[in-house]
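Step one of this worksheet: look at the structure below.
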Amino acid sequence: MKAIMIPTPGGPDALLWADVSEPTPGPDEVVIDIRASAVNRADLLQRQGHYPPPAGASPYPGLECAGVIGAVGTGVTGWSVGEPVCALLSGGGYAEQVAVPAGQLLPVPAGVELIEAAALPEVACTVWSNVVRLARLGAGETLLVHGGGSGIGTFAVQLGAALGATVLATARAGKHDRLRELGATTVIDYTGQDFVEATMAATDGRGADVILDIVGGSYLGRNVAALATGGRLVVIGMQGGRRGELDLGALLAKRASVAATALRSRPAAEKAAIVRGVREEVWPLIVSGAIRPVVDRRLPMARAAEAHRIVESGAHFGKVLLTVD
């Protein structure tokens, strides 16, 4: 088969579409014949040499895919060869085939095209596990989503709105109208507005009950300032650095909490539990049309370098997909 290799870490041109050995399913695994994968920020970090895959995972980038089951390993029940699926991966999505634990498989939601389903597993699992399971967002609360135009952001805006929350998002001005269409009531231009002031103005001074943050260190202090009493900040990215100053007095005064999580490095059993929760609670919202995959564009897998440049620029809205003929 062919896969995207990274012989030497570096810029987008470090990605090489080359012949590699085909995977075989281990116990409790299936092999997927991939039709599409999606580009995530973690893939860019892996390409640069900053985010190696977990032990035992495929060395190729790609944290989600959609395709058709091509082989089934021993011990697998409930799935069969020829079945269309999408999957959460620890790596290997930038390829023609990938082996994945059966617990990380999801059916393609009714009404969603197979290729577009590749835009769902990573964002659905990340957003649901953090916003719903960890931060316990409830109806009537306020959710602030940083990076609203990203794959994570566009999904989080839709999920928050579907759960009955008031959704605020930060994004460049050119993305505001589309975010409102997805359910955001207030969109903040982070290039020219103070998101703390804008959040307080939009909530009559209360602040956000839950903040989903992909920026990290440089936003830490301001995120705490933007929280409501009893608010929950969840950090899932470090685009703004690893370190920030935390005013514990401000956190104590608000009786607030800060959590930071990663999905890729979790054990298979934890990922399987998250996938089950997503299938039970999120998939019905996709089938009903309350949430839809948001795809900026599709490119052939061999043009992964071009896809990485697009995502690095931040000009995309939603997910950039890589397709396999």
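All residue numbers for the sequence shown refer to the UniProt record's numbering, where the first residue is 1 and numbers rise by one.
Don't be surprised by glycine CBs; every beta carbon is placed ideally from N, CA and C.
- When L44, N40, G75 and R292 are compared, the shortest CA-CA separation from G10 is found for L44.
- Linking D204 to F195 through their CA atoms gives a straight-line distance of about 14 Å.
- In this structure D213 is buried. Its beta-carbon is surrounded by 16 or more other beta-carbon atoms within 10 angstroms.
- Within the same chain, Cβ atoms closer than 8 Å to the Cβ of P52 are found at Q46, the five residues on either side in sequence being excluded.
- Assignment of beta strand (DSSP E) within the region 16-43, counting only whole runs of 3 or more residues, yields 16-19 and 29-38 in chain order.
- The criterion of a C-beta distance shorter than 7 Å is satisfied by A198 and I188.
- In the DSSP annotation of this structure, M301 is not part of any beta strand (DSSP E), being labelled neither H nor E.
- Here DSSP, grouped into helix, strand and coil, assigns T126 to helix.
- Note on geometry: alpha-carbon atoms of G140 and D325 lie some 45 Å from one another.
- Under the three-state reduction of DSSP output, L168 falls in the strand class.
- Between V72 and D33, the gap from beta carbon to beta carbon reaches 7 Å or more.
- Where G70 is concerned, the enclosing beta strand (DSSP E) starts and stops at E64 to V72.
- Judged by DSSP in its simplified three-state form, L212 adopts strand.
- Fully contained in the region 208-293 are the following alpha helix (DSSP H) runs of length 4 or more, in chain order: 220-226, 248-254, 268-281 and 283-288.
- R35 and A250 have their C-alpha atoms roughly 49 Å apart.
- Shown here for G82: same chain residues with a beta carbon closer than 7 Å to its own, the five before and five after excluded, namely V68 and I69 in chain order.
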